[in-house]
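**Student:** Input: one structure, supplied below.
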Amino acid sequence: MTGKTENARGANGEAKSGWRQSMAWIHTWLGLLAGWILFAMFLTGTASYFRPEITRWMQPEVDIAPVSAVHAAMTAVAHMQKIAPQDEQWTIFLPDDRTTTTRIFTRARPDPDPKAAKPPRRPEIRVDPATGDPVAARETKGGEHFYRFHFQLQIPHPWGRWLAGLAAIFMLAAIISGVITHKRIFVDFFTLRWGKGQRSWLDAHNVSAVIALPFHAMITYTGLITLVAMYMPWPVAANYQKPATFADAIYGVQDDGKYLGRRAPLTPIGPLIERVSHEWHGGRPATVIVRNPNDAGATIQIARSNADTLNARGQTILFSGSSGRRIAASQPPGVAIETAGVMLGLHMGNFAGPLLRWTYVLLGMTGTAMVGTGLLLWTAKRRREDVKPFFGFALVERLNIGTVACLPAGMAAFLLANRLLPADLAGRADIEVAAMYWTWFGLALLSLALPVRRAWIAMLGLSAASFLAIPIVNMITTDRGFFASIARGDLLFASFDMVMLSMAVLLGFGAWRAAQPPKQAKRVRKPRAAKPPIQMPVRELTDAA
Amino acid sequence: MPLETACLAFAGLSQVARSSARFQHKGSPFWSRGGGATRYSGIALLILSFAVAMWRFGPIKGPVAWTGLLSLSGVVLLLLLSSRPRLALGLTPLALTFALLLCAL
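Those protein sequence lines, which keep their order, are chains A and B.
Going by our numbering, the first residue of the first sequence is number 1, and it counts up by one from there.
Going by our numbering, the first residue of the second sequence is number 546, and it counts up by one from there.
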């Protein structure tokens, strides 16, 4: 090999090293800055894959047997005919395998006088799909709270979504820079060493990132793309005078139905439901929108469930509400809309059956672990026992405790409040939500009074105890405790208790590990000259951390 | 529950892990000896798990399901490897048997 070639390779190697160092810097700081928000987004987003199930658990009074979509639609329309026959619009969400009640939103007809105030928004109506009778259940936000929080962060619109989007952009950049930084990505695929201090945190961060990398990349990118029109409104603004024109162009013009003021009975809904199911080759209807009911200009729009397709944007068919005549159907979407729908579907996972939904949840937990271990690695790398921590280090350490150890306690408090607050308490849904934040931030503040190690142990221990309390409180306050649920064959409530116990064990394990005296990392043996073992990339340690 | 994809992916990944020098030791059964054959058998099992995912979940959901279940199998294998490596690598025949049973049902 000539000296010239060696020099060229050396220069090339240094350039690559410099590039990798830059990526490591980006990975470290973008990951750290967005880490606490991302941890909360990942954890609550993961929980929201069981959004309907959490809502059902939070309304234990509701115990309804499933009925057909035809029957549910008929009872819902009959109920609305009784209570609001002259409203402008009924939106009926039919029950499915995961949601047992029929949910209805109704909108009053506005006063034709332009000076008149807008009619107030009506609360959601829940009816028993078998009988059409209103369902009496405790007021709660249910799983919807975790779902909304994971992209709105309980911050007023649009700032919460903007902040979540910024965190997602940081996450995407951290994923790409992390892949570039981690040059032994396949060699380290099976490497997870426990009890070795900083190296263990690095291993845990690497493997949780690498093993589920397709999921992390997919969930981050699709999450970002879902709200891209909000984050980047300028292409739409440059090409369309009004956002509504853009919506019409991509989704097709919606026939809102004209109110004619001539009374005409609403056509029976049952045959229409049967007809769309047949037209969709067994596809299940999910939503029925009745505009101007009992008027000659009434329309009925039926939307298809997306539970059996990757595309989250389902098809619709529009009928005349007075004659039952088929007026129109949604056109097959263009490639861009189809792609956007599939991305949304991939992110939300509505297409997933039980196995794939659990896969989503467990991979979401892996993502949460990836973010959490990344945050802990930052402090593990910079911790010096003999030196007083600098302000930034102390701040990061306290924020880590406040997020990683205290947020789970807040989520448990939300569920516990659901059982402990009186079922008929006014405004209890908001109090449940407040309980989550008071617990989360209260514990984070309390942890400041404790030394770091003790704060980790105490907060993780409290979180574990909170999750452990959920099945116990559920058993005491309802007749749907674990053993009763097993006896009745109620898998949802029994599984919920098992998941809470698993969370308690996981957090308890974390508290126990934090309570162990810190081990000194063993010295790395020098590589043998003849046959070196897998070399521990010291530089990589520095880079990735 | 169509778990055979996960079982085959677990078996495939454990074969690939076994082919790594780190997990080889004396007295291992024949299927756990490292080398190219073990690695190729692992890759073959991963391809088979993909085919089974396509069969079970269809051509649209199949690749999504396979990617997710493969990752999940990797998480389980890794947690086992980090604490009980011999047990983790010894589960390959069991995972294969379970996959065959599930496919036959």
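Here a beta-carbon is modelled for each residue, glycine too, at the ideal position from N, C-alpha and C.
Shorter than 8 Å from the beta carbon of residue 603 of chain B to some beta carbon of chain D?
**Tutor:** Of the protein chains in this structure, namely A and B, none is chain D.
**Student:** What's the C-alpha gap between residue 310 of chain A and residue 342 of chain A?
**Tutor:** The alpha-carbon separation between residue 310 of chain A and residue 342 of chain A amounts to approximately 5 Å.
**Student:** From the beta carbon of residue 546 of chain A, is the nearest beta carbon of chain B less than 8 Å away?
**Tutor:** Here chain A has residues from 1 to 545 only, and residue 546 of chain A is not among them.
**Student:** Looking only at its own chain, which residues have a Cβ that is under 7 Å from the Cβ of residue 412 of chain A, when we skip the five neighbours before and after it?
**Tutor:** 463, 466, 467 and 470
**Student:** Give, in chain order, every residue of the stretch 578-599 of chain B whose Cβ lies closer than 9 Å to some Cβ of chain A.
**Tutor:** none
**Student:** Between residue 127 of chain A and residue 79 of chain A, what straight-line distance do the alpha-carbon atoms span, to the nearest angstrom?
**Tutor:** 8 Å
**Student:** Looking at chain B, which residues of the stretch 210-226 of chain A have a Cβ within less than 7 Å of any of its Cβ atoms?
**Tutor:** 211, 212, 214 and 215
**Student:** Taking residue 597 of chain B as part of the alpha helix (DSSP H), name the residues at either end of that continuous run.
**Tutor:** For residue 597 of chain B, the uninterrupted alpha helix (DSSP H) run begins and ends at 581-628, by DSSP.
**Student:** Just verifying my parser: in three-state terms, what is the DSSP assignment at residue 318 of chain A?
**Tutor:** In the displayed model, residue 318 of chain A falls within a strand according to three-state DSSP.
**Student:** I need the straight-line Cα distance from residue 562 of chain A to residue 430 of chain A, nearest angstrom please.
**Tutor:** Only positions 1 to 545 of chain A appear in the structure, and residue 562 of chain A is not among them; the question remains open.
**Student:** Residue 19 of chain A by DSSP, collapsed to three states: which one?
**Tutor:** helix
**Student:** Residue 287 of chain A bridges to which residues according to DSSP?
**Tutor:** A:93 and A:303
**Student:** Give me, in chain order, the residues of the same chain whose beta-carbon lies closer than 6 Å to that of residue 478 of chain A; leave out the 5 immediate sequence neighbours on both sides.
**Tutor:** 60
**Student:** With a threshold of 16 other CB atoms inside 10 Å of the CB of residue 241 of chain A, please say whether the residue is buried or exposed.
**Tutor:** exposed
**Student:** For a cutoff of 8 Å on Cβ pairs, would you count residue 562 of chain B as touching chain A?
**Tutor:** Residue 562 of chain B counts as touching chain A.
**Student:** So for residue 127 of chain A, helix, strand or coil by DSSP?
**Tutor:** strand
**Student:** Could one say the Cβ of residue 50 of chain A lies closer than 8 Å to chain B's Cβ atoms, at least one of them?
**Tutor:** no
**Student:** Looking at chain A, is there any beta carbon in it that lies within less than 8 Å of the beta carbon of residue 547 of chain B?
**Tutor:** yes
**Student:** Hey, how far is the Cα of residue 480 of chain A from the Cα of residue 62 of chain A?
**Tutor:** 11 Å
**Student:** Put residue 560 of chain B into one of helix, strand or coil per three-state DSSP.
**Tutor:** DSSP places residue 560 of chain B within a helical segment (H, G or I) once states are collapsed to three.
**Student:** Please tell me whether residue 321 of chain A and residue 298 of chain A are closer than 8 Å, where the distance is taken between their beta carbons.
**Tutor:** A contact, by the Cβ cut-off of 8 Å.
**Student:** Mind listing the chain A neighbours of residue 612 of chain B? Cutoff is C-beta to C-beta under 9 Å, in chain order.
**Tutor:** 214, 215 and 218
**Student:** If we define contact as Cβ-Cβ less than 8 Å, is residue 356 of chain A a contact residue for chain B?
**Tutor:** yes
**Student:** Any beta carbon of chain A sitting closer than 8 Å to that of residue 636 of chain B?
**Tutor:** no
**Student:** Assuming the contact rule is C-beta atoms closer than 8 Å, residue 315 of chain A and residue 280 of chain A should be a hit. Round their C-beta distance to whole Å, please.
**Tutor:** For a cut-off of 8 Å, the C-beta gap from residue 315 of chain A to residue 280 of chain A is around 7 Å, short enough to register as a contact.
**Student:** What does the alpha-carbon distance come out to for the pair residue 387 of chain A and residue 393 of chain A?
**Tutor:** 12 Å
**Student:** Taking only three categories from DSSP, how would you classify residue 453 of chain A?
**Tutor:** In the three-state reduction of the DSSP assignment, residue 453 of chain A falls in the helix class, which pools H, G and I.
**Student:** Considering only C-alpha positions, which residue in the set A:171, A:269 and A:244 is nearest to residue 33 of chain A?
**Tutor:** A:171
**Student:** Classify residue 52 of chain A as helix, strand or coil using the three-state DSSP reduction.
**Tutor:** helix
**Student:** Which residues of chain A have a Cβ atom closer than 7 Å to the Cβ of residue 689 of chain B, listed in chain order?
**Tutor:** Residue coverage of chain B in this structure runs from 546 to 650, which leaves residue 689 of chain B outside it and unanswerable.
**Student:** To the nearest angstrom, how far is the alpha carbon of residue 417 of chain A from that of residue 508 of chain A?
**Tutor:** 21 Å
**Student:** How many Å lie between residue 147 of chain A and residue 558 of chain B at the Cα?
**Tutor:** 34 Å
**Student:** On a CA-only basis, which of A:212, A:445 and A:339 is nearest residue 546 of chain A? Give me that one, please.
**Tutor:** Absent from the model: residue 546 of chain A. The displayed extent of chain A is 1 to 545, so no value can be given.
**Student:** Around the Cβ of residue 385 of chain A, are there at least 16 other Cβ atoms within 10 angstroms (buried) or fewer (exposed)?
**Tutor:** exposed
**Student:** Are residue 84 of chain A and residue 106 of chain A close, meaning C-beta to C-beta below 8 Å?
**Tutor:** Against a cut-off of 8 Å, the Cβ pair of residue 106 of chain A and residue 84 of chain A comes out as a contact.
**Student:** Run through DSSP, which three-state label would residue 265 of chain A get?
**Tutor:** coil
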